[in-house]
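Undergrad:
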Amino acid sequence: MIQNTIEFVKLTLKGVESGHDFSHAERVMKLAEKIAEKEQLKQKVDLQLVQLGALLHDIADHKFHNGDETVGPRVAQEFLLTQNASAELIQNVKDIINQISFKGANAKCGMSTLEGQIVQDADRLDALGAIGIARCFTYGGYKNRALYDSCTPPIKHNNFEEYKNSQSTTINHFHEKLLLLKDMMNTETGRELALHRHRVMEGFLQEFYSELEGLK
């Protein structure tokens, strides 16, 4: 089933914005497998659910479907039915897709299963570090957003609707989301992996602001 899912995701996400393409899904799966390997030393982990959740978590991201959060779970369900997946497995994958998104600095983003927590940590890790920086600017360019605007301060969004409808600058996205992720990790392994990637982003921003002020 996993190989069939890989092929399905490759085909479905062909040509989409490169920060949310198959390469992203593949990286998230590899990170999730790494986290699961360590976490299962302490408690049981359903690796198949982790792999499916990681591969399908962005199969129809709301950002590319006019904000419709129902498309992703529906597409995943339709595919998994063709694979004769159990009703329980399908529901668990749909729950991961429904619950995975960052919903705003002041909004709750909880996961109902350990497997979902692992996938969420992996997805957040891919938003951090050098890859996270690259993805941030790729998406900002895709949406034609301003790079930086001193007159537009970052906002701590209170709910998902505020966050989804934000038209903030690309640099503000670091402060509104990316720099917050380190402290939102679910697992011990996720927290450990986030530390270095977080420091990479801090170093980048320090350099960015220094160059912005003409100090370097």
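Just add 90 to the spot in the sequence shown (first one is 1) and you have the numbering used here. Beta carbons: idealized from backbone N, C-alpha and C, even for Gly.
(1) With a Cβ-Cβ cutoff of 8 Å, do Thr228 and Ser108 count as a contact?
(2) What is the DSSP secondary structure of Thr259, reduced to helix, strand or coil?
(3) DSSP state of Gln296, grouped into three classes?
(4) Can you tell me whether Gln257 is buried or exposed? The criterion is at least 16 other CB atoms within 10 Å of its CB, across all chains shown.
(5) Can you tell which of Val99, Lys134, Lys104 and Gln133 has its C-alpha closest to the C-alpha of Ile118?
(6) Compare the C-alpha of Asn188 against each of Ile149, Glu129 and Gln130 and name the closest.
(7) Measuring alpha carbon to alpha carbon, tell me which of Val140, Ala217 and Asn174 ends up nearest Leu270.
(8) Between the Cα of Gln93 and the Cα atoms of Lys128, Lys124, Tyr299 and Gln141, which residue gives the shortest distance?
(9) I'd like the list of long-range same chain contacts for Thr102, defined as Cβ closer than 7 Å, with 5 residues on each side in sequence excluded.
(10) If you scan the region 203 to 255 from start to end, which runs of the alpha helix (DSSP H) of 4 or more residues do you find wholly inside it?
(11) Under 8 Å: do the region 178 to 186 and the region 198 to 207 share three or more Cβ pairs, one atom per stretch?
(12) At the level of alpha carbons, what is the spacing between Gln173 and Gln167?
(13) List the endpoints of the continuous alpha helix (DSSP H) containing Gln167.
(14) For Arg225, collect the residues of the same chain with a Cβ closer than 6 Å to its Cβ; drop the 5 residues on either side in sequence, then sort them by chain order.
(15) Let me check understanding here. Comparing Cα to Cα, which of Asp151, Ile180, Ala212 and Lys193 lies closest to Glu129?
(16) So Val209 packs on Ala284, CB below 8 Å; how close in whole Å?
(17) Under a three-way DSSP split, which group does Leu305 fall into?
(18) Near Met291, which residues of its chain fall below 8 Å by C-beta distance, leaving aside the five closest residues on each side in sequence?
(19) Assign Leu215 to buried or exposed, taking buried as 16 or more other Cβ atoms, counted over all protein chains shown, within 10 Å of its Cβ.
(20) Could you have a look at Phe192 and say whether DSSP puts it in helix, strand or coil?
(21) Of all the options Asp151, Leu170, Leu137 and Lys246, which has the alpha carbon lying nearest to the alpha carbon of Gly162?
(22) Would you mind reading off the limits of the alpha helix (DSSP H) that contains Lys267?
TA: The answer reads as follows:
(1) Within the sequence shown, the letter at position 138 stands for residue 228. Within the sequence shown, the letter at position 18 stands for residue 108. Their beta carbons are under 8 Å apart, which means Thr228 touches Ser108 by this criterion.
(2) By one-based count along the sequence shown, residue 259 stands at place 169. Looking at Thr259 - three-state DSSP - the assignment turns out to be coil, as it is neither helix nor strand.
(3) By one-based count along the sequence shown, residue 296 stands at place 206. Helix, per DSSP.
(4) Stepping through the sequence shown from its first residue, residue 257 is reached at position 167. With fewer than 16 other Cβ atoms within 10 Å, it is exposed.
(5) Stepping through the sequence shown from its first residue, residue 118 is reached at position 28. With the sequence shown as reference, residue 118 is identified as Val, and Ile is not the correct amino acid for it. Of the candidates Val99, Lys134, Lys104 and Gln133, the one whose C-alpha sits nearest the C-alpha of Val118 is Val99.
(6) Numbered from 1 along the sequence shown, position 98 holds the residue referred to as residue 188. Here the closest residue by C-alpha is Ile149.
(7) Numbered from its first residue, the sequence shown carries residue 270 at position 180. Measuring from the Cα of Leu270, the nearest candidate turns out to be Ala217.
(8) Residue 93 sits at position 3 when you count from the first residue of the sequence shown. The shortest C-alpha separation from Gln93 is found at Gln141.
(9) Taking the first residue of the sequence shown as 1, we reach residue 102 at position 12. Closer than 7 Å at the Cβ level, and outside the excluded window around Thr102, lie Ile149.
(10) 204 to 215, 219 to 232 and 250 to 254
(11) Taking 8 Å as the limit for Cβ pairs, the verdict is that the region 198 to 207 does touch the region 178 to 186.
(12) As a working note, residue 173 is residue 83 in the sequence shown. As a working note, residue 167 is residue 77 in the sequence shown. So the two alpha carbons sit approximately 10 Å from each other.
(13) On the sequence shown, residue 167 is found 77 positions in, with the first residue counted as 1. Counting along the chain, the alpha helix (DSSP H) containing Gln167 begins and ends at Val161 to Thr172.
(14) Working through the sequence shown from its first residue, we reach residue 225 at position 135. So the list reads Gly109, once near-sequence residues are dropped.
(15) Numbered from its first residue, the sequence shown carries residue 129 at position 39. Nearest option by C-alpha distance: Ala212.
(16) Position 119 of the sequence shown holds residue 209. Position 194 of the sequence shown holds residue 284. Beta-carbon to beta-carbon, Val209 and Ala284 are separated by about 15 Å, too far to satisfy the 8 Å threshold.
(17) Position 215 of the sequence shown, counted from the first residue, corresponds to residue 305. Coil, per DSSP.
(18) As a first step, residue 291 must be located in the sequence shown, where it is residue number 201. Answer for Met291: Leu218, Gly219, Gly222, Ile223, Phe264, Leu268 and Leu269, listed in chain order.
(19) Here residue 215 corresponds to residue number 125 of the sequence shown, with the count starting at 1. Counting Cβ neighbours within 10 Å, Leu215 comes out buried, since at least 16 surround it.
(20) Numbered from 1 along the sequence shown, position 102 holds the residue referred to as residue 192. Note: Phe192 maps to coil in three-state DSSP.
(21) Walking along the sequence shown from the start, residue 162 turns up at place 72. Out of Asp151, Leu170, Leu137 and Lys246, the CA that lies nearest to the CA of Gly162 is found in Asp151.
(22) Walking along the sequence shown from the start, residue 267 turns up at place 177. Element bounds for Lys267: n/a, residue is neither H nor E.
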